[in-house]
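Have a look at the structure below, then the notes.
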Amino acid sequence: MDDLSTDNGLSQRAFASQPLPMVAVVLAQQSVLLPLYFFIPLWISVLNTLCAISVVAASRFRQLQMKRWLKLLITLSAIAGVLVTFHRFAGRDAGVALIAVMYGLKILETTRIRDANLLLSLGFFILLAGFLFTQKPWIAFYQLLPIVLILNALVAINRIGLGNRNSFSISTIFKDFSRYLILALPIMLILFVFFPRLGGPIWRMPGTTSASSGISDSMSPGAISDLQLFDKVAMRVKFTGEAPNTNQMYWRAIVLDEFDGLNWTRGGVGPIDDPADLSQDSPVYDYAVTLERTQLRFLVTLDRPVKTPRQGQLLQDFVTYSSFRILDRTRYSASSSLTHSLDTPLTTQQRLTYTRLPKSGNRRSRSWAEDRRQLFNSDLDYIQDLLLYINRQEYFYTLQPPIMDEDIVDSFWLDYQRGFCEHYAGALVFLARAAGIPARVVVGYQGAEKNPLSDYWIVRYADAHAWTEIWIEGRGWMRVDPTSAIATHRVEASLLDEYRQRDSLFDEFDFVQLDNLGWGKQVEYWMDQFNDRWNDWVLDYNNQSQRNLFENWGLKGISSYQMVVVMLLLTAVIVLFSSVRWFHQRKSQDPLAAAFERVLKKMGKRAIIKYDSSLGPQQVKQLLSRNGLIKNRALIAYVDEYIRLRYRQLDPSPSHIRRFIRHSRRLHIPRPTRSA
Amino acid sequence: MLQILKQKSRRWFGARMPVADNIHLSQRSTYIWPTAAGYLAMIVTLLMMIGATNYQNNLAFLLTFLLVGIGLVSIIFTFKNLQGICFSLQPVAEVFCGQLFSVKVNLVSETGKPHFSIGVGFRKADCMLCDVEANGAASICLPIKADKRGYWNMPRFIATSQFPFGWLRTWAWFRFETPILVYPTPKQPPSTFKHADSGQADEDGSKAKGSDDLYGLKPYQPGESLSRVDWKAFSRERGLFVREFAGYQSQQLHFDWNDFPDCGIETRISYLTSLVLGAASQNASYSLGLPEQSIGQGDDDVHRRRCLRALALYGLAGHENSASGFSNG
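The listed protein sequences correspond, in order, to chains A and B. In this text, residue positions in the first sequence follow this note's numbering: the first is 22, and each later residue adds one. In this text, residue positions in the second sequence follow this note's numbering: the first is 37, and each later residue adds one.
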């Protein structure tokens, strides 16, 4: 016994005064901070890293330990630095920067177990801060690393002997901690599904910074000299039934009806009820939209909506006004009919609004339009002529138009003749209004791209589009897309694909086939599908989807209280189950012993011996021979074989073991007889 | 009322406390409770939950719930770290009442897995820690003082562990079943008695101490008179040695209960113990006379132990039964 003993123990006081495993602690701390380093000012990241390095160095060489006053100085100047950078401490960005600074510098003050515990526990909280900036899948998977490293540091703190505490390799850590994670993950899922969600936030943090978006609530084509096409996803659409043709997919976001000579903006329009008249003989498309954050209060629908989303209110110009700003990804379902139009007569007021032009400016276009209108009998002919004019004359489609800062319609329509959809739409509405025809600009998206790996459509910021609506007596508001009238050879070659998709002249859009996809594109679709699922199942799981889920399980009207009870019960079941599994897993049993044990149990059942888990093979042999029955001879031989394999042979070969196990399975165990 | 509750709880806990010579802790006798670090982690989790709820941030929820899961799972793992260890007592050397001695507890892993940072002690706050290898053993030495002679049950031990995360502390109390034999406190009899000073009275008395006839040095054993310790050797850091005197050679000593009239029972026992130890340390032959029991002459170790045991158990009820089959040392 003595030679096996390691030592005579370490007292608790000696344990408490052991040097901390600084490498493990610093690794955990830095892995927590790492995602934040992408979002906070660089100097904080550099400062934090330097502090961490100095602490690790000081744990190796005592003379490198930092003086107290120096620590204080660093801390104070770092806080001052945050104040100088952000001019405040409130708000998400400044707050997170401050937290990062404090957490980064805390390592300087980590000398005792208590400090380390605080640092590591707070680490979990800091991990949440990363989610305020991004909720991409990568960060969620990354966060597993800091969790494991924090746990590793906790283990290192709670182990005795520094030798075990600073040595580590990531792979062994992951192997060790996978045990914890495997048991913790089901609990996490249960809590995630069942934990009751609130309908809205408890409070809102001020100072949330804005992000770019594909469409805005005004349009100033003249001011743009270089339109960037963003590949970012604007929305995803899932059609319940059939989907319309891509060139028919005009996604209506907002209508701009006021022009001040430079900008198109939106005037006030009152709400209307959903159009009840669906007698028209055109198909109605039902679809569900997942709209990414726009920061606007408009829901995007397929032109034109006949059934408004629950979250929105249809306005007179068929714009769906949301009851709240789209600050988060929003999901809604709607129905649209592509050809649906309402022949409601315009009120005088409306006619005035939709024909109003600024009193001055763009004189040449104005007179051009008035003269041109004289040549035609009807408004419709005039508009059609305008489209033909665009097609025949030297009108170019480009994303790098010249800047037009004065009389933009004049300079576009008559001078430069090059621009993108906003120029064309703005000019067409201007020319229509100049001829006294009610017209308005519609902004939204055109087209979509189907994810061939799934059943939904992706609309990107690059699909943002502007077109027009012209009011024709007897036909109502008609959609006119002047951009599609541009002759193809005058579209910049790089944009041809983009353009072609919008062009109603090219009905047969050659849709992508899966097998033609390059692997790059395929990966992209795969990623987008993953993102979509991620959004669906992880990010957007809220109060509503929780209820829907339970409804699908036939648990309609389950109360929060009941959910909590179910959650606790399931969690308890998992914990109990895993603990039972762990506790009944004694010594990892030798296959020979396991087979022997099974035979013994069977003998016990057949009343040959009285089974007891502590029975050794020699005892079994004794018991068997005590009965003195001849039929036990085979059993005794079996026990002998077991003893030989298990105790006499140093290392039984696998084939021997297999043979023994087979033997055990086939061993004939006599049934109890009355006479015996 | 409180007293009754206390008693009841003690009985309840007591009934769960394992008492054996090889302790295998079971879930029944093992307790678990969060540590300060555990409470801190819980508070952090709660804050995370509030933050996640406020921001309606599902990733934050997932992270929080993962942490909750790990916390719950750590109950199992903390528990498991303490289970599957066999605690046994290494036989104790001679123990004298009132003297500090160290008990050695052996820990053997029975799970085939290592157990880390296991603490063993008499009080929760004051344990000695060790790791137990997967297929090995470890031992822990604990200082303790016996407070009465005779068969003595050691106080209850506590085994405790905070591994892996230090969020939870699990512990179990246990007792070793077999008592240990505690010899009486040796006390040098004052010189006023006949046997004063190491008992050489059976001699003619002219010989004073025999201290002149230094025979040799032998390692100090607990219970021996400190006056014979070779302090010079000790101060030279050679260890504790006791001077042996030739004067005791080939003498026949007899220590008797009645040598110390007017003394209390415990005092007499202490004096006699001291005399026995003194004589044994010098390989003298001696006999011991107690009321109702007398031990004849002898000079070997067995004799010495018999005498000490007789003194240790003197006057204690029922000692004959419990003494049977017990061997010490």
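By construction, the Cβ of each residue, glycine as well, lies at the ideal position given by its N, Cα and C atoms.
Asked, Found
"Rounded to whole angstroms, what's the CA-CA distance from Pro422 (chain A) to Lys157 (chain A)? Just pull it up for me.", "35 Å"
"When burial is assigned at 16 or more other CB atoms within 10 Å of the CB, is Asp167 (chain B) buried or exposed?", "buried"
"Determine whether the beta carbon atoms of Thr489 (chain A) and Val501 (chain A) lie at a separation below 7 Å.", "yes"
"Note down the Cα distance separating Thr214 (chain B) from Asn294 (chain B), rounded to an integer number of angstroms.", "33 Å"
"In whole angstroms, what is the alpha-carbon distance linking Arg331 (chain A) and Leu320 (chain A)?", "11 Å"
"Please identify, using Cβ separations under 8 Å, the residues of the region 163-174 of chain B that lie next to chain A, in order along the chain.", "Cys163, Met164, Leu165, Cys166, Asp167, Glu169, Gly172, Ala173 and Ala174"
"Who are the near neighbours of Leu165 (chain B) in its chain, counting only those whose CB is closer than 6 Å to its CB and skipping five residues on each side?", "Ser153 and Gly155"
"With 7 Å as the threshold, decide whether the Cβ of Leu745 (chain A) is near any Cβ in chain B.", "Here chain A has residues from 22 to 697 only, and residue 745 (chain A) is not among them."
"Which of the three DSSP states is assigned to Ser38 (chain A) in this structure?", "coil"
"Can you tell me whether Gly333 (chain A) is buried or exposed? The criterion is at least 16 other CB atoms within 10 Å of its CB, across all chains shown.", "buried"
"As a quick exercise: from A:Ala73, A:Gln86, A:Trp64 and A:Glu130, pick the residue whose alpha carbon is nearest that of Ala101 (chain A).", "A:Trp64"
"Indicate the three-state DSSP secondary structure (helix, strand or coil) for Val321 (chain A) in the structure shown.", "coil"
"Counting C-beta neighbours from all protein chains within 10 Å, is the total for Asp248 (chain B) 16 or more, i.e. buried, or is it exposed?", "Here the model assigns Asp248 (chain B) a pLDDT of 48, short of 50, so the residue's position is not dependable, and the following value carries that caveat. Exposed."
"Lys223 (chain B) by DSSP, collapsed to three states: which one?", "coil"
"Assuming Ala150 (chain A) and Val117 (chain A) are in contact, meaning their beta carbons sit under 8 Å apart, how far apart are those beta carbons, in whole angstroms?", "5 Å"
"With DSSP run on the structure shown, which of helix, strand or coil describes Ala593 (chain A)?", "helix"
"When the Cα atoms are used, what is the spatial distance from Ser399 (chain A) to Ser381 (chain A)?", "26 Å"
"What in chain B is Cβ-close to Met209 (chain A), meaning under 7 Å?", "Leu98, Phe101, Leu102 and Gly105"
"Rounded to whole angstroms, what's the CA-CA distance from Asn552 (chain A) to Val305 (chain A)? Just pull it up for me.", "29 Å"
"So for Asp299 (chain B), helix, strand or coil by DSSP?", "Per the sequence presented here, residue 299 (chain B) reads as Cys, with Asp not at that position. If DSSP states are grouped into helix, strand and coil, Cys299 (chain B) belongs with coil."
"By how many angstroms is the C-alpha of Arg350 (chain A) removed from the C-alpha of Ile293 (chain A)?", "26 Å"
"Near Glu415 (chain A), what residues of its chain come up, given a Cβ to Cβ distance below 8 Å and the 5 sequence neighbours on each side ignored?", "Gln438 and Arg511"
"Helix, strand or coil for Trp48 (chain B) per DSSP?", "helix"
"What does the alpha-carbon distance come out to for the pair Ser80 (chain A) and Val141 (chain B)?", "34 Å"
"Using 7 Å as the limit for Cβ to Cβ distance, is Met22 (chain A) near chain B?", "Legend: pLDDT at Met22 (chain A) = 35, less than 50; position of this residue unreliable, no value from coordinates given."
"List the endpoints of the continuous beta strand (DSSP E) containing Ser167 (chain B).", "Residue 167 (chain B) is actually Asp in this sequence, not Ser. Run containing Asp167 (chain B): Asp162 to Val168, per the beta strand (DSSP E) assignment."
"Decide if Gly125 (chain A) is buried, meaning its Cβ has at least 16 other Cβ atoms within 10 Å, or exposed.", "buried"
"Span of the beta strand (DSSP E) holding Gly332 (chain B)?", "Gln329 to Gly334"
"Given that a residue counts as buried once 16 or more other Cβ atoms are within 10 Å of its Cβ, and exposed if not, what is Pro225 (chain B)?", "buried"
"For chain B, is any of its Cβ atoms less than 7 Å away from the one on Asn173 (chain A)?", "no"
"Nearest by alpha-carbon distance to Leu407 (chain A): which of A:Cys72, A:Val585 and A:Ala446 is it?", "A:Ala446"
"Could you check if Arg346 (chain A) is buried or exposed, using at least 16 other CB atoms within 10 Å of its CB as the buried criterion?", "exposed"
"Any C-beta of chain B sitting closer than 7 Å to the C-beta of Ile181 (chain A)?", "yes"
"Indicate whether at least one CB of chain A lies closer than 7 Å to the CB of Pro226 (chain B).", "no"
"Can you list the residues of chain B that Asn563 (chain A) reaches, using a CB-CB cut of under 9 Å?", "Gln92 and Asn94"
"Give a yes or no on whether the minimum CB-CB distance between His355 (chain B) and chain A is below 7 Å.", "Confidence is the limiting factor: at His355 (chain B) the pLDDT is only 47, short of 50, which leaves the residue's position unreliable and the question unanswerable from this model."
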